[in-house]
Structure formats: C-alpha cells, structure tokens
C-alpha cells in the first residue's frame with residue numbers, strides 16, 4: 001500500500017489531494033508505523049480472496065495475514081520470479097516483500113518506500129539474505145537503467161503525483177523482457193484517464209482483470225482484526241478515518257467497491 005498519498009475517495013471527502021498528500025506523508029503513515037510497531041502489522045493493503053477460496057499453502061506464522069498475502073500472491077505470481085531481481089515500489093511495512101522472497105525465490109528483492117520510518121521498521125523486522133529496503137521516491141527510482149527483472153506495485157499508484165513519470169521510471173529500470181506486476185484501483189469516472197495513461201506508457205499490456213469481488217471478500221475476512229486494531233491504537237477522532245483507510249464493511253471504500261463505483265484491477269505489463 002502506498003505511502004505517498006491517499007485513497008482517492010477519502011481525499012475527496014477531506015478536500016484537496018495536495019493537502020491530503022502532505023497529511024498522509026507527514027503524519028498518517030509515520031503515525032501508523034509507530035502505532036502498529038508493537039502489533040507487528042506488516043501488511044497495509046485491503047486484502048484478497050477468491051470464490052472458491054484460493055487456499056494457497058502458508059506457513060503457520062503467515063496464516064493470520066492470509067488475505068493480505070493473497071493480494072501479493074495474485075499479483076506477483078503472474079510470472080515466475082525465481083532467480084529474478086525484483087523491485088517493489090511502495091513496500092509499506094514489508095510483509096509482501098518477506099512473503100515473496102521466502103516463497104518465490106528471487107535472486108534479490110528490494111523494497112522501496114517514501115515513508116522513512118516504515119523503511120526503518122522493515123529493516124528491523126524483515127532480515128534475510130537477498131532482501132533489502134531503501135527509502136526513495138516512486139517517481140525518481142534510485143536504480144540503474146535495465147537493472148531490474150520485475151517491478152511489483154500494489155495498491156499504491158493512485159496516490160502518486162505524476163503517474164506517467166512513475167511508469168516511465170518503471171520502464172527505465174526494467175530490462176528488456178522484464179515485467180511490471182501491478183495492482184491498483186480508480187474511481188469509475190477516473191478509469192478512462194487511467195487506461196489512457198497506461199496505454200501511453202513505454203510498456204506493453206499482457207493481461208488485466210477486475211477484482212472488485214475478490215477485494216470485497218478480503219475486506220470482509222480482515223474486518224474483525226482491522227476493527228480491533230483501530231479501536232486499540234487510534235485516538236477516537238481518527239477512528240472514522242482509520243475505518244475508511246482499512247476499507248472495513250460499512251466504510252465508503254467498501255461500499256464503492258461493492259457497488260462498482262471503484263474499479264480495482266490486476267495488470268501484467270512487459271517491456272519490449
């Protein structure tokens with residue numbers, strides 16, 4: 001999940017994406033990192049569950065995070081990552097990076113995020129050979145041209161100030177034949193512009209599917225844990241915002257996904 005700005009329908013309620021972006025970057029994400037550190041919360045996405053259930057095998061230590069993990073699994077396993085050099089842009093608290101490193105066996109995996117406190121958390125929490133974390137900007141990636149085999153980006157790009165610039169950076173750091181494994185959402189009225197931006201990017205689309213139902217099921221399965229965390233770690237004045245951010249049933253985000261006012265999609269791109 002992004003640490004560079006906000007979810008669009010929440011931003012619209014507060015009024016002004018630039019102001020909201022400053023709030024998210026300067027206050028919200030660092031606050032989450034500090035508040036959730038003791039609870040070992042390592043995933044920040046909405047969650048994902050298919051019908052019938054995915055049922056992917058998980059280690060016992062991963063089971064509590066099943067529905068957040070399944071978002072990563074559905075996105076990143078569109079290609080074989082074994083032996084690849086992988087970059088995740090907006091890695092959040094690093095749970096997806098750890099899961100993919102352990103299960104998909106890339107040669108290396110770098111998680112990048114704009115939240116410096118989140119990166120410090122990742123460095124303490126997720127320590128294994130081949131996995132590293134770096135503080136950086138999605139629109140100015142600190143990687144050399146053609147140095148990456150696969151870029152992962154999950155539930156983040158809706159918050160970037162310049163999506164075309166991010167996509168150009170993805171293409172720059174990918175080697176020819178490399179893959180962009182991409183999951184995100186937009187309001188239904190934003191979809192034509194989103195599609196046009198993706199079509200103009202220096203990447204070729206290989207696959208796309210809408211996953212609203214899968215995300216709604218993930219939200220429902222995660223609801224009890226999310227609500228318990230919100231009640232325990234957030235002051236009362238922030239709890240309504242926390243419920244929107246987590247997408248719990250009854251929130252505006254949940255309603256908009258359930259009714260189709262938001263389109264949530266998984267994409268696969270390659271660089272020719």
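Residue numbers (full-length UniProt numbering): 1 to 272.
Glycine is no exception: its CB is placed at the ideal position from the N, C-alpha and C atoms.
* To do: Would you kindly work out how many angstroms separate the C-alpha atoms of residue 94 and residue 196, rounded to a whole number?
  => So the alpha carbons of these two residues sit roughly 31 Å apart.
* **Same chain, Cβ closer than 6 Å to residue 142, neighbours up to 5 away in sequence not counted** => For residue 142, where only same-chain residues beyond five positions count, the Cβ hits under 6 Å are 136.
* Asked: residue 350 bridges to which residues according to DSSP?
  -> With the chain represented from 1 up to 272, any question about residue 350 goes unanswered, as that position is not in the structure.
* To do: Give the straight-line distance between the Cα atoms of residue 273 and residue 259, rounded to the nearest whole angstrom.
  => It is not possible to answer for residue 273, since the shown part of the chain is limited to 1 through 272.
* Measuring CB to CB, does residue 204 end up less than 8 Å from residue 269? -> For residue 204 and residue 269, yes; Cβs fall inside 8 Å.
* To do: Report the rounded CA-to-CA distance for residue 75 versus residue 182, giving the unit in angstroms.
  => Between residue 75 and residue 182, the alpha-carbon positions lie close to 7 Å from each other.
* Classify residue 156 as buried or exposed, calling it buried when 16 or more other Cβ atoms lie within 10 Å of its own Cβ. => It counts as buried.
* Three CB pairs or more closer than 8 Å across the stretch 211-219 and the stretch 247-261 -> Judged by Cβ distances under 8 Å, the stretch 211-219 makes contact with the stretch 247-261, as three or more pairs qualify.
* Among all the DSSP beta bridges, which residues are the ones paired with residue 269? -> According to DSSP, residue 269 bridges with 180, 205.
* Quick one: complete alpha helix (DSSP H) runs, 4+ long, within the stretch 47-119? -> 66-76, 95-104, all fully within the stretch 47-119.
* Asked: Where does residue 193 fall in DSSP's three states?
  -> Here residue 193 sits in helix by DSSP.
* **Rounded Cβ spacing between residue 188 and residue 261 (contact assumed at less than 8 Å)** => Here residue 188 really is in contact with residue 261; their C-beta atoms are around 6 Å apart, less than 8 Å.
* Classify residue 210 as helix, strand or coil using the three-state DSSP reduction. => DSSP, reduced to helix, strand and coil, places residue 210 within a strand of the structure shown.
* residue 131: first and last residue of the uninterrupted beta strand (DSSP E) it sits in -> For residue 131, the enclosing beta strand (DSSP E) covers residues 131-135.
* For residue 87 versus residue 173, is the C-beta spacing smaller than 8 Å? -> Taking a C-beta distance under 8 Å as the contact criterion, residue 87 and residue 173 qualify as a contact pair.
* residue 77 to residue 212 span [Cα, whole Å] -> So the two alpha carbons sit approximately 19 Å from each other.
* Considering only residues of the same chain and omitting the five flanking positions on each side of residue 116, which have a CB-CB separation below 6 Å? -> These residues qualify, in order along the chain: 135.
* Asked: How is residue 9 classed by DSSP in three states: helix, strand or coil?
  -> A caution first: residue 9 carries a pLDDT of 49, below 50, which makes its placement in the model unreliable, though a value can still be read off. DSSP places residue 9 in helix when its eight states are reduced to three.
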